[in-house]
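Structure, as structure tokens:
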Amino acid sequence: MDWIKQNKFLTGLLLIILIAGGALGFLAFSANTKYNAARETYPTKASELNRLQTSQPYPEQDNVKKMQEVQKAHQAAIDALHKDLIKAQVPLKPLTPEKFQDNLREAVRRVSAKATSRNVNLGGDSNKTDSGSFYMGFANYQGVPPKVEAAAPLGRMLEAMEIAINTLIDSGITTLKEIKRDPLPEEGVASSTTSEASSKPSEREKGKGKDGGLVERHSFEVHFESPEPQFRKFLNDLISSKQQFFIPSSIVVSNPADKGPSKSETASLGSDTNVATAAPTGGGAPTGGAPPKPGPAPAKAMLKVIVGDEKLDITARIEIVNFAESTPAKK
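To convert, take the position in the sequence shown, counting from 1, and add 10; that gives this note's numbering.
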């Protein structure tokens with residue numbers, strides 16, 4: 011006790027060291043306990059995390075049933091639409107090359123007779139025969155039959171083109187100048203179409219193959235003259251056809267009457283009108299009181315129609331769209 015009293019500073023220092031050592035020992039023991047507990051639970055938690063990251067979650071049965079019902083309704087709507095589209099196309103029929111030539115001659119005869127009955131002038135087409143006759147763009151098969159594999163697709167295209175041309179004639183056009191078509195792949199020949207729309211095959215083929223072969227498109231062009239109301243009727247009737255699905259992909263319209271009447275024509279028309287409507291000169295009524303003889307009747311002014319009476323020059327590129335038969339859905 012005397013030593014403690016004599017060495018108070020040293021005694022306080024030792025006391026502080028003992029307290030600090032005890033605190034450090036307690037902290038080390040607590041840390042070691044927590045470390046051991048974390049080390050024991052780590053493998054279990056790591057395994058659970060790996061299971062959650064790699065497992066495929068499965069929905070509840072109620073949600074699965076709802077999803078299956080929506081999928082069935084969606085597939086039924088797609089099948090119904092596909093059946094309607096299949097109805098609006100010419101079916102592909104087996105055909106021999108000789109039979110195709112017979113069908114071609116009959117189609118040309120029918121279209122020519124309809125054009126004559128509707129007073130439509132057939133100006134021929136780019137595929138004229140030597141005699142210059144109208145042959146609907148198939149003149150190269152007038153004397154030579156097509157390939158065996160091309161006969162059926164050509165027959166299908168011929169029927170579709172006849173539907174479109176009949177629609178054009180029925181609309182009331184005045185002149186059918188030209189018909190050109192793109193060859194089918196089965197024909198094995200390059201396209202001879204020279205229009206702007208067909209001069210860029212790379213642009214037209216950009217989307218080819220994306221439909222998986224479910225849709226086929228074959229194009230042809232018609233060049234004709236028509237008043238504007240008849241032209242609108244043709245487009246409306248074409249896109250609403252129930253026999254074949256058509257798409258007017260491009261239309262070029264030019265108006266031959268691109269200038270108004272000249273000043274001389276306008277001045278001459280005004281002068282004639284003034285002369286015709288002027289009051290006749292001469293004396294008054296005769297002395298006998300008889301009424302004066304009526305003067306010449308005024309000439310009726312002939313006004314020239316500037317807008318609304320033109321015949322438009324039109325080149326329309328039309329796509330014949332065919333849809334493949336549906337395949338059974340996978341269950």
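Beta carbons: idealized from backbone N, C-alpha and C, even for Gly.
Helix, strand or coil at Pro258 [DSSP, three-state]: strand
Closer than 8 Å by C-beta to Asn265: which residues in its own chain qualify, once you throw out the five before and the five after it? Chain order, please. Glu320, Leu322 and Asp323
Report the residue ranges of all alpha helix (DSSP H) runs contained in full by the segment 63-111; include only those spanning at least 4 residues, in chain order. 71-97
Assign Glu213 to buried or exposed, taking buried as 16 or more other Cβ atoms, counted over all protein chains shown, within 10 Å of its Cβ. Annotation note: pLDDT 39 at Glu213 (below 50); position unreliable, coordinate value reported separately. When all chains shown are included, Glu213 counts as exposed.
Is there contact between the segment 120-132 and the segment 157-168, where contact requires at least three CB pairs shorter than 8 Å? no
Can you pull the DSSP bridge partners for Ala326? Val232 and Ile261
Residue closest to Glu226, alpha-carbon to alpha-carbon, out of Arg242, Glu329 and Arg119: Glu329
What is the C-beta distance between Lys157 and Glu108, in whole angstroms, given that I count them as a contact (C-beta under 8 Å)? Actually they do not touch by this definition, with Cβ atoms about 12 Å apart.
Alpha-carbon spacing of Tyr68 relative to Leu95, whole angstroms: 38 Å
State the CB to CB distance for the pair Glu235 and Thr185, rounded to an integer number of angstroms; the pair is presumed to be in contact (CB under 8 Å). 4 Å
Of the choices Lys187, Arg119 and Asn113, whose alpha-carbon is the least far from that of Pro1? The requested residue 1 is not part of the displayed model; the chain covers only 11 to 341.
Can the beta-carbon of Ser181 be found less than 7 Å from the beta-carbon of Gln253? no
In this structure, does DSSP put Leu194 in helix, strand or coil? coil
Beta-carbon gap between Val331 and Phe255 smaller than 7 Å: yes
Considering only DSSP beta bridges, list what Leu186 is partnered with. Leu132 and Phe234
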